[in-house]
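Counting from 1, one number per residue, gives the positions in the sequence shown under the UniProt record's numbering.
Glycine included, every Cβ here is placed at the ideal spot set by N, Cα and C.
Reviewing the structure listed below.
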Amino acid sequence: MTQPSTNGATPASSGLTPAQGNRLDPWFDAYAERAHNLRESEIRALFSVVSRPEVVSLAGGMPNLKDLPLDKLAASAEKLVRNHGAQAMQYGSGQGWEVLRERITEVMTYDGIIGADPDDVVVTTGSQQALDLVTELFVDPGDVILAEAPSYVGALGVFRARQADVVHVPMDEHGIIPEALVETIRDVRASGRTIKFIYIIPNYHNPAGVTLSAERRPIIAEICLREHVLIVEDNPYGLLGFHNDPLPAIASYSPEGVVYLGSFSKMFAPGFRIGWAYAPHAIRAKLVLALESAILCPSMVGQMAIADYLGSYDWYGQVKSFRSMYAERARAMLTALEEYMPSCSWTVPDGGFYTWVTLPEGLNAKSMLPRAVRAQVAYVSGTAFFYDGQGSNHMRLSFCYPTPEDIREGVRRLSTVVNAEKEMVDMFGTASIDEAGAESAR
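The following block contains the structure:
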C-alpha cells in the first residue's frame, strides 16, 4: 500500500520518515500511546445486529421519543431561525449561552441544587464530553479513578482512553457502600497510587438500575470531603423516576467537592447533543479552557432551541409523560422476567432505563450472546461494565425503547437461551462452548 503523501510527494522524497505499520494500518506505530487504548464498546459493536427489524433489542439505551411534541419543536425551530437566525448560526461563548445556563440552574433545582450560579455552569456537547473534559483536567496516565461496580460503559471508555486505572467500589441495592468506599480509598493509597476522583451515578444507575439511598448521600459526600477525593456525579436519569421526585443530589451536600454532570438527552432528546457540568468555580474556569481547546464552543442552534423549549413549554409535564411511559415498560420487563426467567435474579428499578440480571451459577452472558442473537434477541453482557472484565454472569436489560409487547417477547426468546444453558450446566456441570471457544479448540 502506498503511504499517504503531500502535494504528490512520497514520504521519502519529502524528507519524512514513514511510520512503521502493518498491512492493515500503515500508521499503526505512529499513533500516540493513548490511541491504542481506544476500543469499540460492546454496545456499539452490537449496533448493526440490534438494528435488524427481526431482533428484539434489550441492549440499547436510546430514549423513546414517541411522546415528544414534534409540532411544538417545529414551530420553535421556525421561530428561532426567523427571529434569531444570524445569532443561532454564529459562534458563541465557550462556556455556553448565558440564557441556557440560567435555565439549567432552574432545572437543577429539581435535584435539590438551590441557588446555583449560572457562572459555574459549562454547557457541553452532551454530558459525555463533560466527563471527558473533567478526566482530561485531572488524570495523568496511571492515576486511579474510583467507580461503582458495575459502572457506565461510556465512562469506562473515557477513563481507558485517558490511560487511567479504574478501581471498582462495591454497591448493593442501596447504591455504593460507604464502608467499602473508605476501605477502597485506604487500600489504593496504601499501594502508593493517586486517586483523582470517584465517578458515581446516584439515580437509576446505568447499568445496575439502583438508586443511592437518601441516607447514604450525605455520608458519601462527607467521606470524600474528609479524604479529599473529588466526586464526579453523573445524573442523566434523575428526573425519570417512575413515582417519586429525585432525591437531593450529592452536590447539594458538598457543592465545593462535586462536579455535577447533567444532560438533556434523556429528559428531552439526544439529537441536540447538549449537556452541562456544574462545578466549583476554579474547576469551572479550567473546564471552559479545555472545552475551548477542543471545540471552541457548543452549538448555538442546539442551545437556543433547548432554552426556548424550557422557557416556552411545560417541559416538566413532558418529563412526567416520559416517566409514565418508562414505568409501563419497566413493569412489562419485570413481569416477563418473573414468568420466563425465574432461575435468575434482577434489580427492581424505580426509574431510568435498565435492570441488572444475575444469571444462575455457571452461565456466561458474553458466551451466550451469539446464541441469543440467533434467537433474535439482544442484551449487553455484564463484562462491558467492568474495567477488569468481570461480570460475566450478569447482563443489562433495557426496557426504554421496545414496546411492552416486544419486551415480553424479547424476554421469552432470551429465556429459551438461558434455560437451555442452565440445563447444560445442571446435566454436565458446564455450559455449551461458545463460538470463540469452539474455534480455538479446533
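Problem - Under 8 Å between C-beta atoms of G89 and V259 - result: Working through the sequence shown from its first residue, we reach residue 89 at position 89. Working through the sequence shown from its first residue, we reach residue 259 at position 259. Sequence inspection shows Met at residue 89; the Gly mentioned does not correspond to that position. Against a cut-off of 8 Å, the Cβ pair of V259 and M89 comes out as no contact.
**Prompt:** Could you give the distance in angstroms between the alpha-carbon of I219 and the alpha-carbon of S263?
**Reply:** Counted from its first residue, the sequence shown places residue 219 at position 219. Counted from its first residue, the sequence shown places residue 263 at position 263. Rounded to the nearest angstrom, the two C-alpha atoms are 25 Å apart.
message = For L363 and S343, I'd like the C-alpha separation in whole angstroms.
response = The sequence position of residue 363 within the sequence shown is 363, counting from 1. The sequence position of residue 343 within the sequence shown is 343, counting from 1. In a straight line, the C-alpha of L363 is about 11 Å away from that of S343.
Item checked: Helix, strand or coil at V55 [DSSP, three-state] -> Position 55 of the sequence shown, counting from 1, holds the residue named residue 55. Note: V55 maps to coil in three-state DSSP.
Taking just the CA atoms, how far does P207 sit from L38? Indexing the sequence shown from 1 puts residue 38 at position 38. Indexing the sequence shown from 1 puts residue 207 at position 207. Those two C-alpha atoms are separated by around 21 Å.
**OP:** Look at the alpha carbon of T105 and the alpha carbon of Q128, and state the distance between them as a whole number of angstroms.
**Re:** Here the question's residue 105 lines up with position 105 in the sequence shown. Here the question's residue 128 lines up with position 128 in the sequence shown. Going from the Cα of T105 to the Cα of Q128 covers about 19 Å.
- [ ] Could you spell out the range, first to last residue, of the alpha helix (DSSP H) harbouring T184?
- [x] Against the sequence shown, residue 184 aligns to sequence position 184. T184 -> alpha helix (DSSP H) spans P178 to A190.
Q.
Buried or exposed, going by whether 16 or more other CB atoms sit within 10 Å of the CB of S345?
A. Walking along the sequence shown from the start, residue 345 turns up at place 345. Flag for S345 reads exposed.
* **Straight-line Cα distance separating V144 from D165** => In the sequence shown, the residue the question calls residue 165 occupies position 165. In the sequence shown, the residue the question calls residue 144 occupies position 144. About 5 Å.
CB of V417 within 8 Å of CB of R396, strictly = For the purposes of this step, residue 417 is taken as residue 417 along the sequence shown, with counting starting at 1. For the purposes of this step, residue 396 is taken as residue 396 along the sequence shown, with counting starting at 1. No, they are not a contact pair.
- prompt: When the Cα atoms are used, what is the spatial distance from D119 to A130?
  reply: Walking along the sequence shown from the start, residue 119 turns up at place 119. Walking along the sequence shown from the start, residue 130 turns up at place 130. Roughly 16 Å between the two C-alpha positions.
Between A269 and L65, which are expected to be in contact by the criterion C-beta below 8 Å, what is the C-beta distance as a whole number of angstroms?
-> Counting from 1 along the sequence shown, the entry for residue 269 is found at position 269. Counting from 1 along the sequence shown, the entry for residue 65 is found at position 65. With 8 Å as the limit, A269 and L65 qualify as a contact, their Cβ atoms being about 6 Å apart.
Checklist entry - What first and last residue would you give for the beta strand (DSSP E) that runs through L38? => result As a first step, residue 38 must be located in the sequence shown, where it is residue number 38. It is not in any beta strand (DSSP E) - L38 carries neither H nor E in the DSSP assignment.
Bridge partners of F197, per DSSP? The sequence position of residue 197 within the sequence shown is 197, counting from 1. Answer is I145 and L230, bridged to F197.
Q. Among W27, I201, L261 and A336, which one has its Cα closest to the Cα of residue 445?
A. Only positions 1 to 442 of the chain appear in this structure, which leaves residue 445 out of reach.
Only counting the same chain, and skipping five residues up and downstream in sequence, which positions put a Cβ closer than 8 Å to that of Q87?
Taking the first residue of the sequence shown as 1, we reach residue 87 at position 87. Taken in chain order, the residues that qualify are M300 and M304.
To which residues of the same chain is G94 closer than 7 Å at the C-beta, ignoring the five residues directly before and after it? Taking the sequence shown and counting its residues from 1, the one referred to as residue 94 is at position 94. Same-chain partners within the cutoff: V288, L291, E292, L296 and C297.
Q) Considering only the beta carbon of each residue, do E33 and Q376 sit closer than 8 Å? A) Stepping through the sequence shown from its first residue, residue 33 is reached at position 33. Stepping through the sequence shown from its first residue, residue 376 is reached at position 376. Contact: no.
Other residues of its chain near A116: CB distance less than 7 Å, five sequence neighbours each side excluded: Within the sequence shown, the letter at position 116 stands for residue 116. Taken in chain order, the residues that qualify are T105, M108 and Y278.
message: I want to see whether chain E comes within less than 8 Å of C297, judged by CB atoms only; does it?
response: Absent here is chain E; the protein component of the structure consists of one chain.
query = So who's on the other strand from T124, going by DSSP bridges?
reply = Along the sequence shown, read from residue 1 onward, the residue named residue 124 stands at position 124. G275.
* Can you give the Cα-Cα distance for G15 and A35, rounded to whole angstroms? -> For this step, residue 15 is matched to residue 15 along the sequence shown. For this step, residue 35 is matched to residue 35 along the sequence shown. Confidence is the limiting factor: at G15 the pLDDT is only 43, short of 50, which leaves the residue's position unreliable, though a coordinate-based value still follows. When rounded, the distance between both Cα atoms is 25 Å.
- Query: Who are A378's beta bridge partners in DSSP?
  - Reply: Taking the sequence shown and counting its residues from 1, the one referred to as residue 378 is at position 378. Paired residue(s): S57.
Status (buried if at least 16 other CB within 10 Å, exposed otherwise) for G389: What you label residue 389 is simply residue 389 of the sequence shown in a count that begins at 1. Exposed.
query: Mind checking F428: buried by the 16 CB within 10 Å criterion, or exposed?
result: Stepping through the sequence shown from its first residue, residue 428 is reached at position 428. Burial call: exposed.
- Message: Considering just the uninterrupted stretch of the beta strand (DSSP E) at L261, what are its terminal residues?
- Response: Here residue 261 refers to the residue found at position 261 when the sequence shown is read from its first residue. V258 to S263 is the extent of the beta strand (DSSP E) around L261.
Leaving aside the five residues before and after F138 along the sequence, list all residues of the same chain whose C-beta is less than 8 Å from its C-beta, in chain order. Looking up residue 138 in the sequence shown gives position 138. Taken in chain order, the residues that qualify are K196, F197 and L230.
query = Apart from the five residues on each side of it in sequence, which residues of its chain come closer than 6 Å, Cβ to Cβ, to D234?
reply = As a working note, residue 234 is residue 234 in the sequence shown. Only I201 and L261 meet the Cβ criterion.
query = Relative to the C-alpha of A214, which residue among T125, I250, P236 and V232 is closest?
reply = Here residue 214 refers to the residue found at position 214 when the sequence shown is read from its first residue. With distances taken between Cα atoms, A214 lies closest to I250.
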